[in-house]
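Quick notes on the structure that follows.
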Amino acid sequence: MDMRALKLYLHLCDSLHFGKTAQQMHVSPSTLSRAIQRLEDEVDAKLLQRDNRSVALTNAGTEFQHFAQQTLHHWQGMRMRIDPRQDLLRGKLNIYCSVTAAYSHLPRLLDQFRREHPLVEIALSTGDAANAVEHILKNDADIAIAALPETFPSNLHFTKIEDIPLSLIAPNMPCQIQAQLAQNEIPWQELPFIIQDHGPGRQRAELWFKKMGFTPNIYAQVSGHEAIVSMVALGLGLSITPEVVINNSPVRDRIELLPSPVAVAPFELGCCCKKNRLDDAVLKAFLELL
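Residue numbers (the working numbering): 566 to 855.
Quick look at the structure:
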């Protein structure tokens, strides 16, 4: 049985989308369709129920999914046993993280991973950390560095790296915000705040406003903490931001940390991936570094 076809099939079982699997597995839609058709011919059963809008596994398709997983696992094990360089892991690892994490945490992990597994290809994509979980769910990445959200999907696995403190920050140059902060009674409800448009950062900010007991004056809702720090540095507002983002920002000298009247809970930073891929040799090797 064609191992490449099994890999295509397993990806399709996760994505349930022919176009997405074809794009991410670097094949044409027609090649993918022919591969699935050949598998269905070999097992003499319909594996997928599909129409113009949706794809779903049949009972036979679910049974064949388990077979494909076991077959690929045994195949990879056999190749490692007969390969003269069997001690070296091979494959590709797609990682998603924020720009800050690519500075602060990923270099140490990748340096060690490459020393131990030099034949594994690394593909990195960066973006808003708040989108990390979504990238895993959509199979856009194998593993992502993310802050643990309050609601975490049950089909995902999370390995903690460390706690990341959050701080209340303000611009340190002379501006209207500095004048307001200098008052004996700080008018919190009048100060402009910049918050994330979604994700754990947004949740932390909303909880802080609730504890403080005022309705915030929201100046902007922004994607990504890096952009928020830059806006604070320009004197546009205050924000609650991870200290690691501040420390790695090129405008950190234009920002000051304020004492917060109420505590801000830290982020739990870690790596997440799909639970059903924990036996994948490359993923397992990377998670073992943590």
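Ideal Cβ positions, reconstructed from N, Cα and C, are used throughout, including at glycine. Model, not experiment: these values are computed from the prediction.
1. Roughly how many angstroms separate the alpha carbons of Glu821 and Ser719, rounded to a whole number?
2. Could you work out which residue in Phe758, Pro714, Leu577 is closest to Glu833 when comparing CA atoms only?
3. By Cβ distance below 8 Å, which residues in the same chain neighbour Thr596 in space, the five residues on each side in sequence not counted?
4. Quick check for students: name the residue ranges of the beta strand (DSSP E) that lie wholly in the region 764-789, counting only runs of 3 or more.
5. Which residues in the same chain have their Cβ closer than 6 Å to the Cβ of Pro781, if we skip the five residues on either side of it in sequence?
6. With a threshold of 7 Å on Cβ separation, who are the neighbours of Arg679 within its own chain once the five nearest residues in sequence on each side are excluded?
7. I think Leu756 touches Leu803, with their Cβ atoms under 8 Å apart; what is that distance to the nearest whole Å?
8. If Cys836 and Thr724 are in contact, beta carbons under 8 Å, what's the gap, nearest whole angstrom?
9. Would you decide whether Phe629 is buried or exposed? Buried here means 16 or more other CB atoms lie within 10 Å of its CB.
10. Would you list the one or two residues that DSSP bridges to Glu681?
11. What's the C-alpha gap between Glu791 and Gly764?
12. Just the C-alpha distance for Leu674 and Ile793, rounded to the nearest angstrom, thanks.
13. Which residues bound the alpha helix (DSSP H) around Ser619?
14. Roughly how many angstroms separate the alpha carbons of Gln641 and Ala712, rounded to a whole number?
15. Can at least three beta-carbon pairs, one atom from the region 691-708 and one from the region 659-670, be found at a separation below 8 Å?
16. Taking the continuous beta strand (DSSP E) assigned at Lys657, which residues delimit it?
17. Tell me whether Thr916 is buried or exposed, calling it buried when 16 or more other Cβ atoms sit within 10 Å of its Cβ.
18. Is the distance from the Cβ of Gln745 to the Cβ of Asp762 below 8 Å?
19. Tell me the rounded alpha-carbon separation between Gly766 and Ile729.
20. Ser795 by DSSP, collapsed to three states: which one?
21. Could you pull out every residue in the same chain whose Cβ sits closer than 7 Å to the Cβ of Cys578, ignoring the five residues on either side in sequence?
22. Since Ile805 and Val829 are thought to touch, with beta carbons under 8 Å apart, how far apart are those beta carbons, to the nearest angstrom?
23. For Met566 versus Glu607, is the C-beta distance shorter than 8 Å?
24. Please list the terminal residues of the continuous alpha helix (DSSP H) segment that includes Lys849.
25. So His682 and Ala850 are in contact, right, with Cβ under 8 Å, and what is the actual spacing, rounded?
26. DSSP beta-bridge partners for Ser732?
27. Which stretch, first to last residue, makes up the beta strand (DSSP E) that contains Ile710?
28. Beta-carbon separation of Asn659 and Ala695 under 8 Å?
29. Measuring alpha carbon to alpha carbon, tell me which residue in Arg655, Leu637, Leu671 is nearest Val685.
This is what the structure gives:
1. 39 Å
2. Pro714
3. Its chain contains Ala587 as the residues whose beta carbon lies nearer than 8 Å to that of Thr596, once the 5 sequence neighbours on both sides are disregarded; these appear in chain order.
4. 782-787
5. Once the five neighbours on either side are set aside, the close Cβ partners of Pro781 are Phe758, Phe774.
6. none
7. Their Cβ separation, rounded to whole angstroms, is 6 Å, which keeps Leu756 and Leu803 in contact under 8 Å.
8. 5 Å
9. buried
10. According to DSSP, which records beta bridges pairwise, Glu681 is partnered with nothing at all.
11. 14 Å
12. Those two C-alpha atoms are separated by around 26 Å.
13. Boundaries cannot be given for Ser619, as no alpha helix (DSSP H) includes it and DSSP labels it neither H nor E.
14. 32 Å
15. Taking a contact to require three or more Cβ pairs closer than 8 Å, the region 691-708 and the region 659-670 qualify as touching.
16. 656-662
17. With the chain covering only 566 through 855, there is no way to say anything about residue 916.
18. no
19. 12 Å
20. Note: Ser795 maps to helix in three-state DSSP.
21. Leu622, Gln630
22. At roughly 6 Å, the Cβ-Cβ gap stays under 8 Å, so Ile805 and Val829 are in contact.
23. Cβ atoms of Met566 and Glu607: closer than 8 Å.
24. 846-853
25. Separation of the CB atoms of His682 and Ala850 is rounded to 6 Å, and the pair is thereby assigned contact status at 8 Å.
26. Thr806
27. 708-712
28. no
29. Residue Arg655 is the option with its Cα nearest to Val685.
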